[in-house]
Amino acid sequence: MRQPRVVVVGSANMDLVATAPALPRPGETVLGTDFVMVPGGKGANQAIAATRAGAHCSFVGAIGSDSFGVTLRARITAAGVDTSQLRVTYGTSGVALVMVNAEGENAIVVTPGANASLTTLTEPELALVRDADVLVAQLEIPVETVTEAAVTARAAGTRVVLNAAPAVPLPPELFAAVDLLVVNENEAQAYTGRGREDPYALLDLVPRAVLTLGSEGAWYGDRDGTAVHLPAVPVETVDSTAAGDAFTAALAVAWGEGRDLVDAVRWAGAAGAACVRRLGASVSLPGRAEIDELYPHTP
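Mapping of the sequence shown onto numbering that gives the first Met the number 0: position 78 corresponds to residue 77, and the numbering continues sequentially without gaps.
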């Protein structure tokens, strides 16, 4: 099986993760149980996840000139990701404050920092996009930049996977360039007004879509008439923080390898299940062997 070339355009953050028995309510202070500081951000997570899942992956993003930026570059590079087009901008890196309760549910506040400076792409960055098999993008960087990357990819014949998170208003030209949309229930509700009760509404926006349903698995549909619900692999959830990133990255890798998309979604589900068994974002992203081990247990 050939190794796909995946380019991820997106955010890089330092995740400050605290665990506690329960998430605090407004005005409440709760006593935590643990704290870790790990690289994160949807872009960096998906780049690391794609590499671990078997792709040759390049990451296009921006980090700050602070100590967090130094650590982010070192960790992303150490994971095997090509960071030759990872920019350094003066100022702070992106930071995510993550709180996780005993059930693995989380609440997150993200400050974009250097990610907000990624307002346009350079020619070397666009060349990476043109040469890739699959482009993966999210929405923690300016939408204009995501649109530029997607339109460039579409013109070059590169497949475009958009994880449209967090939900923000998107221009028609971005939807027109997307080959496969990945959203959760809240994002589907934001984009279509229908949510999980009518996932087919996503196909009014794009030709193929995946609706992730957490512990209930995922729905895949396309305009050719395919529509299927794929149950999740049953595992004990410790932290769901990066499960969506593991899922999206594995889906892009599997599609880039030439797998049928229904099978690719099933394999991606195994990646998401493997991810939730550990605490943290980038440190919990599974390798290919772990995904393959869980894959046969998909219901």
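The C-beta atom is built at its ideal place from N, Cα and C for all residues, glycine as well.
> How many Å lie between E157 and G60 at the Cα?
Replying inline: One-based indexing of the sequence shown puts residue 157 at position 158. One-based indexing of the sequence shown puts residue 60 at position 61. What sits at residue 157 in the sequence shown is Thr, not Glu. Taking the straight line from one Cα to the other gives about 19 angstroms.
> Straight-line CA distance for A249 to G216?
Replying inline: The residue given as residue 249 occupies position 250 in the sequence shown. The residue given as residue 216 occupies position 217 in the sequence shown. In this model, A249 and G216 are separated by some 15 angstroms (Cα to Cα).
>> Please tell me whether L180 and V209 are closer than 9 angstroms, where the distance is taken between their beta carbons.
In response: The count along the sequence shown starts at 1 and reaches residue 180 at position 181. The count along the sequence shown starts at 1 and reaches residue 209 at position 210. Yes, they are a contact pair.
>> Taking the straight line between their C-alpha atoms, what separation do you get for A131 and E256?
In response: Within the sequence shown, numbered from 1, the residue matching residue 131 stands at position 132. Within the sequence shown, numbered from 1, the residue matching residue 256 stands at position 257. Using only the alpha carbons, I get a separation of about 12 angstroms.
> Any idea which residues DSSP pairs V177 with across the strands?
Replying inline: On the sequence shown, position 178 is the one that residue 177 refers to. Under DSSP, V177 takes part in no beta bridge, so it has no partner.
> Between L125 and V6, what straight-line distance do the alpha-carbon atoms span, to the nearest angstrom?
Replying inline: Working through the sequence shown from its first residue, we reach residue 125 at position 126. Working through the sequence shown from its first residue, we reach residue 6 at position 7. Rounded to the nearest whole angstrom, the CA to CA distance from L125 to V6 is 10 angstroms.
>> By the DSSP assignment, the alpha helix (DSSP H) with S57 in it spans what residues?
In response: Counted from its first residue, the sequence shown places residue 57 at position 58. For S57, there is no enclosing alpha helix (DSSP H); the residue is found in the beta strand (DSSP E) stretching over 55-63.
> Helix, strand or coil: which one does DSSP assign to G112?
Replying inline: For the purposes of this step, residue 112 is taken as residue 113 along the sequence shown, with counting starting at 1. Here G112 sits in helix by DSSP.
> Given that a residue counts as buried once 16 or more other Cβ atoms are within 10 Å of its Cβ, and exposed if not, what is Y219?
Replying inline: On the sequence shown, position 220 is the one that residue 219 refers to. Buried, by the Cβ-count rule.
> Using the rule of at least 16 other Cβ atoms within 10 Å of the residue's Cβ for burial, across every protein chain shown, is D197 buried or exposed?
Replying inline: Residue mapping note: residue 197 aligns to position 198 of the sequence shown, counting from 1. D197 is classed as exposed because its beta carbon has fewer than 16 other beta carbons within 10 Å across all chains shown.
> In this structure, does DSSP put N12 in helix, strand or coil?
Replying inline: By one-based count along the sequence shown, residue 12 stands at place 13. Strand, per DSSP.
>> Under 8 angstroms, with one C-beta from each stretch per pair, do the segment 137-152 and the segment 15-23 reach the 3-pair mark?
In response: Short answer: they don't touch.
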